[in-house]
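A short worksheet on the structure shown next.
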Amino acid sequence: TAESHHRALIVEVMGRHAGWIALHSGLAGGAACILIPEQTFSIEKVCEWVESRFKTNYAPIIVIAEGAIPQEGDMVVKDATLDSFGHVKLSGIGEWLAQEIESRTGKEARTSVLGHIQRGGTPSAFDRVLATRFGLHAITAAHEGDWGKMVALHGTDIVRVPLISATERLKTVDPALYKEAEIFFG
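Numbering (our numbering), first residue to last: -10 to 175.
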């Protein structure tokens, strides 16, 4: 649709303060620009990229995490409503980016907010086998009375890890990994 209508397409995904979903979905889906919370972005640079992409007759596709922050300002939110945990609901960065691209470049830009639909895709064979293995190991841990742990994938092995190790800190995208992704979109 983006190419047939000669417009930029912005895809806003979940992510709050960690850009894993944006990074992986952007790479897997062939996005040429991925914006994550861990790395502030320059709207000028994004607009330059959009214009250069149109010159090659390809429509730009940008994946942006809901918590991405422009260098020129603060985090963008549609409104200040709170979720059930008392956090401000993050939404609106995609629409803001589309408006900025249109006003600065004159090119049409549209936003698609995936929201919870990205959680409900059809599982792959790997997903199904992994879920079965997780279930088996979780039941074994419960049967053994090994509480306060969760099962996790480590390489190809299912291991038990303390819940605190999974929840004690926010796990953000490593800057080196983001640098690798930047190779694909300049």
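Don't be surprised by glycine CBs; every beta carbon is placed ideally from N, CA and C. Since the model is a prediction, treat every value here as computed from it, not as a measurement.
Whole angstroms is fine: what's the gap from residue i's alpha carbon to residue j's?
| i | j | result |
| --- | --- | --- |
| residue 178 | residue 131 | The question about residue 178 has no answer, for the chain in this structure spans -10 to 175. |
| residue 51 | residue 153 | 35 angstroms |
| residue 82 | residue 150 | 35 angstroms |
| residue 126 | residue 138 | 11 angstroms |
| residue 43 | residue -5 | 8 angstroms |
| residue 110 | residue 104 | 12 angstroms |
| residue 166 | residue 38 | 21 angstroms |
| residue 29 | residue 129 | 44 angstroms |
| residue 61 | residue 114 | 43 angstroms |
| residue 143 | residue 25 | 25 angstroms |
Can the beta-carbon of residue i be found less than 9 angstroms from the beta-carbon of residue j?
| i | j | result |
| --- | --- | --- |
| residue 90 | residue -1 | yes |
| residue 9 | residue 168 | no |
| residue 141 | residue -3 | no |
Determine the extent of the alpha helix (DSSP H) in which residue i is found, giving its start and end residues.
| i | result |
| --- | --- |
| residue 154 | 152 to 156 |
| residue 34 | 32 to 44 |
| residue 100 | Segment 98 to 102 is the beta strand (DSSP E) holding residue 100; no alpha helix (DSSP H) there. |
| residue 13 | 9 to 18 |
Mind checking which residues open and close the beta strand (DSSP E) that includes residue i?
| i | result |
| --- | --- |
| residue -3 | -3 to 2 |
| residue 142 | 138 to 143 |
In chain order, what residues of the same chain have a beta carbon less than 8 angstroms from the beta carbon of residue i, not counting five sequence neighbours either side?
| i | result |
| --- | --- |
| residue 107 | 2, 3, 10 and 14 |
| residue 170 | 12, 15, 16 and 23 |
| residue 49 | -9, -3, -2, 21, 22, 38, 39, 42 and 43 |
Once you ignore the five residues that flank residue i on each side, which residues in its own chain have a CB closer than 6 angstroms to its CB?
| i | result |
| --- | --- |
| residue 65 | 81, 82 and 85 |
| residue 27 | 8, 161 and 162 |
The segment 117 to 124 in contact with the segment 2 to 20 per 3-pair CB rule at 8 angstroms
Remark: fewer than three beta-carbon pairs, one from each stretch, lie closer than 8 angstroms, so the segment 117 to 124 and the segment 2 to 20 are not flagged as touching.
On the three-pair Cβ rule with 8 angstroms, is the segment 91 to 102 touching the segment 70 to 77?
Because the criterion of three Cβ pairs below 8 angstroms is not met, the segment 91 to 102 and the segment 70 to 77 do not touch.
Taking 8 angstroms as the cut-off, does the segment 125 to 144 touch the segment 19 to 38 (at least 3 CB pairs, one atom from each stretch)?
The segment 125 to 144 and the segment 19 to 38 do not touch, with fewer than three beta-carbon pairs separated by less than 8 angstroms.
Answer yes if the segment 2 to 13 comes into contact with the segment 47 to 64, meaning at least three C-beta pairs across the two stretches below 8 angstroms, and no otherwise.
Result yes; three or more Cβ-Cβ pairs closer than 8 angstroms.
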